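Below is one structure, written out as structure tokens; comments come after it.
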Amino acid sequence: MTMDGAVFETILATVERTIRQVPEAVPFLSDWPESVDRRICPPTRLEVCDWLNRLAPPAQTADLVAAMVAAAPMLQWRQTYAAVDFGADFLKRYGWTEFIGLRGPVPSTSLACGVLLLAPGLTYPSHAHQAEELYLPLSGVAEWQKGNADFVRVRPGQVIHHAPWVPHAMRCGTEPMAALYLWRGGDLAAKSVILG
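Read in the working numbering, the sequence shown has 96 at position 96, and its numbers run on one by one without any break.
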């Protein structure tokens with residue numbers, strides 16, 4: 001099943017509308033691509049996608065989550081890591097899809113935007129990367145850690161910002177978590193440095 005152009009444009013418009021309501025995203029929007037060019041990204045599926053139908057977003061992010069879930073079979077789901085990094089169980093519970101960037105349907109060398117999906121019970125160990133990062137959780141309450149601080153519960157709609165090379169980690173409780181992400185600066189395809 002290939003991505004229907006109208007379906008993707010609806011997701012992209014919903015993503016942009018959502019991001020434009022987030023004051024912390026303003027610096028990232030200067031890199032928002034103007035081009036109408038699109039690349040073909042053959043769909044792929046990961047085991048973590050089994051959790052998509054269990055997402056329970058609040059009203060403020062429901063439109064975006066519904067559009068993503070409906071389009072999920074047409075999206076290219078990816079993983080940055082291999083079993084040697086965090087183990088095979090981690091890979092069953094982790095994945096992401098990119099809308100904008102070096103690998104997504106909308107080409108950009110200065111901005112990456114997509115959705116991270118984590119299954120219940122997963123801990124994403126401490127890691128860091130050159131890119132500045134903004135997360136907007138869309139569904140699922142998870143705990144987030146920045147640097148050496150304690151883990152803090154973050155609800156959908158609460159923005160998380162990581163400056164370049166700031167270590168961070170996440171852990172999910174009993175529900176899956178989906179979070180919209182924005183990356184800018186550095187190599188947008190670089191693998192994170194694993195710290196924990």
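In this text, a Cβ means the ideal position worked out from N, Cα and C, and glycines have one as well.
Source: prediction; values computed, not measured.
So the candidates are the options; which of them puts its Cα closest to the Cα of residue i?
i, options, result
"A72", "D85, Q21, W51, F90", "W51"
"A179", "G185, D4, L117", "L117"
"L26", "K191, L111, M74", "Here residue 26 is Val; the residue named in the question, Leu, does not match the sequence. Among K191, L111, M74, the Cα nearest to that of V26 is on L111."
"P58", "I194, A131, R184, L136", "L136"
"E24", "E132, C41, C49", "E132"
"V115", "G121, F99, R93", "F99"
"R45", "R153, R93, W183, A56", "R93"
"S30", "G185, A82, V84", "G185"
I need the straight-line Cα distance from residue i to residue j, nearest angstrom please.
i, j, result
"T18", "L138", "10 Å"
"A66", "D150", "32 Å"
"C113", "I11", "12 Å"
"N148", "G196", "11 Å"
"D4", "H127", "35 Å"
"P125", "T80", "14 Å"
"M74", "R38", "15 Å"
"A70", "W96", "15 Å"
"W32", "P164", "19 Å"
"Q76", "D89", "21 Å"
"L134", "D85", "24 Å"
Does residue i come out as helix, strand or coil in the three-state DSSP assignment?
i, result
"C113", "strand"
"V22", "coil"
"D4", "coil"
"W183", "strand"
"C172", "strand"
Could you name the residues of the same chain whose beta carbon sits closer than 8 Å to that of residue i, not counting the 5 residues immediately before and after it, in chain order?
i, result
"R54", "E175, P176"
Which same chain residues end up closer than 6 Å to residue i when comparing Cβ atoms and leaving out the 5 residues on each side of it in sequence?
i, result
"L102", "L188, A189"
Touch test, the stretch 149-160 against the stretch 96-114, Cβ-Cβ under 8 Å, three pairs minimum: no
query: Would you say the stretch 142-152 touches the stretch 163-174, given that touching needs at least three Cβ pairs under 8 Å?
result: yes
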